[in-house]
Amino acid sequence: MQIVLRDSNQGPFLTKVLDYAQAEALLDEAQLAEIKSKAVLMSLKLADKFYNKHKMHLLENAAFDVIGVASLGLMSLSNHDLAQALKLIIAPNGIVKSFQKGWSMLSRVSKYKLDGKSVYGDIDPMLLDKISTPSDADEWQGWQSYQDALLEFNREESIVGLLKQFYAQTTYDPLDILSLESVFAEVVLYRLFFGPVKVRPDLKQRVAKIELEDVWFSIEHIDQQIKLTLSELPSQLAETIKLELGKYFTSGLLRTLTFAKNYRELRLQDVSPERLERFEYKEGLTGLLGWPVYIVM
Numbered sequence: 155m156q157i158v159l160r161d162s163n164q165g166p167f168l169t170k171v172l173d174y175a176q177a178e179a180l181l182d183e184a185q186l187a188e189i190k191s192k193a194v195l196m197s198l199k200l201a202d203k204f205y206n207k208h209k210m211h212l213l214e215n216a217a218f219d220v221i222g223v224a225s226l227g228l229m230s231l232s233n234h235d236l237a238q239a240l241k242l243i244i245a246p247n248g249i250v251k252s253f254q255k256g257w258s259m260l261s262r263v264s265k266y267k268l269d270g271k272s273v274y275g276d277i278d279p280m281l282l283d284k285i286s287t288p289s290d291a292d293e294w295q296g297w298q299s300y301q302d303a304l305l306e307f308n309r310e311e312s313i314v315g316l317l318k319q320f321y322a323q324t325t326y327d328p329l330d331i332l333s334l335e336s337v338f339a340e341v342v343l344y345r346l347f348f349g350p351v352k353v354r355p356d357l358k359q360r361v362a363k364i365e366l367e368d369v370w371f372s373i374e375h376i377d378q379q380i381k382l383t384l385s386e387l388p389s390q391l392a393e394t395i396k397l398e399l400g401k402y403f404t405s406g407l408l409r410t411l412t413f414a415k416n417y418r419e420l421r422l423q424d425v426s427p428e429r430l431e432r433f434e435y436k437e438g439l440t441g442l443l444g445w446p447v448y449i450v451m
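So this is what it looks like as structure tokens:
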């Protein structure tokens, strides 16, 4: 039989800070009562503001939300340091400021996740559910859940940045479920074909009107094109994209370039749209990095 020991330090950060303070005799009963009193008041206000007509009767849920969101904000403000967190939490309105910080963090990363109204205003309900926690929880994954949401938010912000800089149509719809790698790949491919112009949904037609140069069909040349495109971007966005690019990004573009050559020959032969579609579908099953997926009517 294997015995698994629970780590008491895996609970919500706010609880960890209070436990640390009591263990080190750094917090008296009056201070603890003040913090708890403010937390209860915040729970009441949160329930009244966001759960009214939805779940005002579930005050306990509001309390769990306060603990989770305040833990998140406190971790950020204190850089995960218990002693620093204690100084913050015993300061006037310390728990309020921690909650406000956590709420603003969640609000920011929820930007592309809200499809319609949320009970929680500008917070993604699914994300808040992952952050919310009772004070005595054995395990709290709120910080990691936030980090995952932040990573996805940064990807989507980077896609928006690419669209604004390189595309003629800059509107972003999160429901399109675009990947940062695929959007950047289309930019590189389009600009390789047509030069430093805005990307438009016309590649499949225009590819028949250009000459594909032999020098393009090499890893070295595609790498140069990638570096050139990255050099035109703000440094932070360029670094984010570099981290996103897969191991076979360049070779994937070379494969797509070879496909484009064959696709171009079929268009020059004036084959039927159905045949073009079958050819495209067959090749697309194994992945055509950077090849546009729009439907040309």
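Residue numbering for the sequence shown follows the working numbering, starting at 155 and increasing by one per position.
Idealized CB from N, CA, C, for every residue including glycine.
What is the DSSP secondary structure of residue i, counted as helix, strand or coil?
i, result
"G441", "coil"
"Y274", "coil"
"V171", "helix"
"V194", "helix"
"Y326", "coil"
"I361", "Correcting the residue identity first, residue 361 is Val in this sequence and not Ile. Looking at V361 - three-state DSSP - the assignment turns out to be helix."
"L159", "With a pLDDT of only 35 at L159, under the threshold of 50, the placement of this residue in the model should not be trusted; the figure read from the coordinates follows. In the structure shown, L159 sits in coil (DSSP, three-state: anything other than H, G, I, E or B)."
"V223", "helix"
"V337", "helix"
"V353", "strand"
Assuming the contact rule is C-beta atoms closer than 8 Å, residue i and residue j should be a hit. Round their C-beta distance to whole Å, please.
i, j, result
"S264", "D276", "6 Å"
"L407", "V342", "6 Å"
"F413", "E437", "5 Å"
"P446", "E365", "So it is not a contact: roughly 20 Å between Cβ atoms."
"E335", "E398", "5 Å"
Rounded to whole angstroms, what's the CA-CA distance from residue i to residue j? Just pull it up for me.
i, j, result
"G441", "I380", "19 Å"
"L195", "E178", "27 Å"
"S286", "Y174", "21 Å"
"I244", "W257", "19 Å"
"R345", "V353", "8 Å"
"L443", "R421", "20 Å"
"V223", "L242", "15 Å"
"D292", "F167", "11 Å"
"K170", "E431", "59 Å"
"R309", "Q359", "30 Å"
"Q185", "S299", "30 Å"
"Y326", "L236", "41 Å"
"G400", "Q423", "35 Å"
"L382", "S426", "37 Å"
"N233", "I376", "42 Å"
"S405", "Q378", "13 Å"
"Q295", "D202", "27 Å"
"L281", "L172", "25 Å"
Runs of alpha helix (DSSP H) wholly within the stretch 365 to 432 (minimum 4 residues, chain order): 373 to 385, 389 to 398, 403 to 422
In chain order, each alpha helix (DSSP H) run of at least 4 residues that lies wholly inside the stretch 235 to 275: 236 to 244, 248 to 263
Cβ pair count under 8 Å reaching 3, the stretch 388 to 403 against the stretch 354 to 371: no
Touching by the beta-carbon criterion (3+ pairs, under 8 Å), the stretch 217 to 231 and the stretch 246 to 256: The stretch 217 to 231, when compared against the stretch 246 to 256, does touch it at the 8 Å Cβ threshold.
Ordered list of alpha helix (DSSP H) runs contained in the stretch 278 to 315, each at least 4 residues: 279 to 285
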